[in-house]
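Taking it in order: structure first as structure tokens, then the write-up.
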Amino acid sequence: MPARRPRGPAAPAPPPATGSVLEVGDLSVEYILDRGTITAVEHVSFDLDPGEFIGIVGESGCGKSTLLFAIAQLLAPPAEITGGSVIFKGRSMVGLTDKQLAAVRWRDLSVVMQSAMNALNPVKSIGAQFKDAMRAHGVSSKQEIAGRSAEVLKMVGIDPVHLKSYPHQLSGGMRQRSMIAMAMLFTPDLVIMDEPTSALDVVAQRSLMVQIKELQREFGFAVIFVTHDMSLVSHFSDRLMVMYAGQVAELGATRQVFDSPLHPYSAGLLDAFPSIRGPKVHLSGIPGSPPDLARPPHGCRFAPRCPKVMARCEAAPPDLYQVGGTQVRCYLHEGASGGDAGSWASGSGGPGSQDAGNEDARSAL
Ligand SMILES: Nc1ncnc2c1ncn2[C@@H]1O[C@H](COP(=O)(O)OP(=O)(O)O)[C@@H](O)[C@H]1O
Ligand code: SF4
Ligand SMILES: [Mg+2]
34 MPARRPRGPA APAPPPATGS VLEVGDLSVE YILDRGTITA VEHVSFDLDP
84 GEFIGIVGES GCGKSTLLFA IAQLLAPPAE ITGGSVIFKG RSMVGLTDKQ
134 LAAVRWRDLS VVMQSAMNAL NPVKSIGAQF KDAMRAHGVS SKQEIAGRSA
184 EVLKMVGIDP VHLKSYPHQL SGGMRQRSMI AMAMLFTPDL VIMDEPTSAL
234 DVVAQRSLMV QIKELQREFG FAVIFVTHDM SLVSHFSDRL MVMYAGQVAE
284 LGATRQVFDS PLHPYSAGLL DAFPSIRGPK VHLSGIPGSP PDLARPPHGC
334 RFAPRCPKVM ARCEAAPPDL YQVGGTQVRC YLHEGASGGD AGSWASGSGG
384 PGSQDAGNED ARSAL
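So, in structure tokens, the structure goes:
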């Protein structure tokens with residue numbers, strides 16, 4: 034973490050200079066419903082270094098939001114953590130009381146949710162909402178509240194005059210920026226973002242992403258950024274987790290996953306977005322739809338849609354295999370531990386081939 038990193042008011046001790054800021058171990062979450070149990074997150078493990086940016090991608094319904102809610106301890110029934118651990122700054126988040134969690138949120142860990150702009154209270158000014166958050170954390174000095182509120186709003190490129198504005202007086206992009214500013218009030222160690230740009234047009238998306246990245250570089254917080262748009266995180270994340278049907282399909286360095294996707298699903302996702310440069314190519318996407326998580330396939334969850342499915346794939350589920358620095362849940366890479374088992378470059382007919390259709394994202398890395 035950079036030495037110059039400022040802390041918000043009355044900040045707690047920073048995390049240790051070495052070691053992970055977050056360790057998620059074997060985490061599973063179920064929605065327990067009358068019609069059955071949905072395992073939305075299954076045995077997910079990853080850790081995050083201070084200042085690291087991890088992107089989590091996958092189709093709608095694959096468990097991304099549930100995973101974030103579980104990390105931030107925001108789940109409510111019928112959702113339940115059924116196994117695993119979440120260690121944040123060396124302390125278990127699972128089982129903390131509401132009071133203990135309230136002390137951690139905003140100050141150490143901030144969450145910007147999907148359509149966060151709609152999470153703003155419509156009958157309170159932006160400044161009043163910032164004030165509530167700061168007061169909840171024991172900051173009572175009017176001067177301090179006003180100063181910090183103006184500071185964070187400026188950080189996200191909004192004139193502090195808008196502290197007096199109500200949410201409906203701001204554009205969608207400004208409301209999203211305000212939420213991100215609110216997340217910065219205490220300069221947390223970890224910012225969790227769930228599709229924070231999904232309601233914005235492409236230009237506003239790009240500009241907000243650049244701003245998030247600049248803030249992250251300046252203040253050194255770690256980011257977990259969820260999106261269904263792989264191209265969005267390609268430019269910004271250090272590592273990429275590809276989720277499929279509640280499980281990690283692939284987890285590795287972003288450049289590695291983009292250049293040489295190992296899992297056929299990662300390759301399919303890469304094939305699903307267009308290039309604005311290079312030759313026009315047919316976007317093949319991924320045929321079919323994800324499985325019902327109440328009744329997932331017995332073997333590999335991707336088997337019904339996988340172009341490389343083998344008999345064994347339907348018989349038993351594959352483990353996560355380590356291939357160099359990447360983890361991949363696919364039999365094609367079983368036994369490749371530590372080596373290079375070849376890749377599924379998107380649009381390829383086999384390991385190792387390349388696809389010009391994704392060169393924008395790849396070259397941008
Ligand atoms: N409140 C809920 N009750 C029951 N099932 C839910 C609820 N929220 C999410 N799910 C189910 O959990 C799975 C994962 O959902 P979610 O985490 O929202 O996925 P994503 O964020 O990737 O779109 C989906 O199958 C969804 O139907
Ligand atoms: S395990 Fe089999 S079905 Fe699953 S992704 Fe790999 S090749 Fe495809
Ligand atoms: Mg979601």
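Using the working numbering, read the sequence shown as starting at 34 and increasing by one per residue. We put the beta carbon where it would ideally sit given N, CA and C, even for glycine. Every value quoted in this text rests on a predicted model; they were computed, and no experiment measured them.
Neighbourhood of residue i by C-beta, 8 Å cutoff - its chain only, sequence neighbours within 5 removed
i    : result
D373 : Residue confidence for D373 is low, a pLDDT of 46 falling below 50, so the modelled location carries little weight; the figure read from the coordinates is stated next. V356 and G357.
I269 : In the sequence as presented, Ile is not what sits at residue 269; that position holds Phe. F86, G88, M242, I245, K246 and F258, listed in sequence order.
K164 : I178 and S182
S125 : S118 and V119
D131 : none
V189 : R210, S211, I213, A214, M217, Q244 and L248
Residue i versus the options, residue with shortest Cα-Cα distance
i    : options                   : result
A327 : F219, V57, S78 and D67    : D67
M167 : Q238, G206 and S143       : S143
G206 : S231, P193 and V194       : S231
S322 : A349, A278, G52 and Q238  : A278
V275 : M343, V145, L100 and L203 : L100
G318 : P330, P324 and P340       : P340
S204 : R250, S174 and N151       : N151
S156 : W139, H366, L353 and H201 : Note on identity: in this sequence residue 156 is Val, with Ser being the wrong assignment. Of the candidates W139, H366, L353 and H201, the one whose C-alpha sits nearest the C-alpha of V156 is H201.
E113 : F121, I120 and I104       : I104
Y354 : S98, D59 and H296         : H296
K122 : R250, L55 and Q209        : L55
Q106 : P351, G69 and L60         : L60
R250 : V236, V224 and T115       : V224
Q162 : G171, M212 and D141       : M212
V127 : R210, G58 and P351        : G58
T115 : V77, W139 and V236        : V77
Y298 : R272, A336 and D271       : A336
Same chain only: Cβ atoms within 6 Å of residue i, ignoring 5 sequence neighbours per side
i    : result
I71  : Y64, L326 and A327
P47  : In this prediction, P47 scores a pLDDT of 46, lower than 50, which makes its location untrustworthy; the coordinate-derived value is nonetheless stated afterwards. Excluding positions up to five away in sequence, the list is empty.
F102 : L108
Q238 : T230
Under 8 Å between C-beta atoms of residue i and residue j
i    : j    : result
K197 : G160 : yes
V266 : V90  : yes
D222 : A169 : no
G368 : A348 : no
R345 : Y364 : yes
A216 : L186 : no
V145 : M226 : yes
T359 : E283 : yes
E92  : H261 : yes
L108 : V62  : yes
A73  : G52  : no
M263 : L218 : no
R334 : P324 : yes
Own chain partners of residue i with C-beta closer than 7 Å, once the 5 adjacent residues on each side are dropped
i    : result
M343 : Y364
P329 : A278
P110 : none
N154 : Q162
For the stretch 238-250 against the stretch 280-293, are there 3 or more C-beta pairs whose distance is under 8 Å?
no
Could you tell me whether the stretch 126-144 touches the stretch 76-86, using the rule of 3 or more Cβ pairs below 8 Å?
no
Hey, which residues come within less than 7 Å of ligand 2, measuring from Cβ to any heavy atom, in chain order?
For ligand 2, the selected residues are H296, P297, Y298, C333, F335, A336, C339, K341, V342, M343, C346, P351, C363, Y364 and L365.
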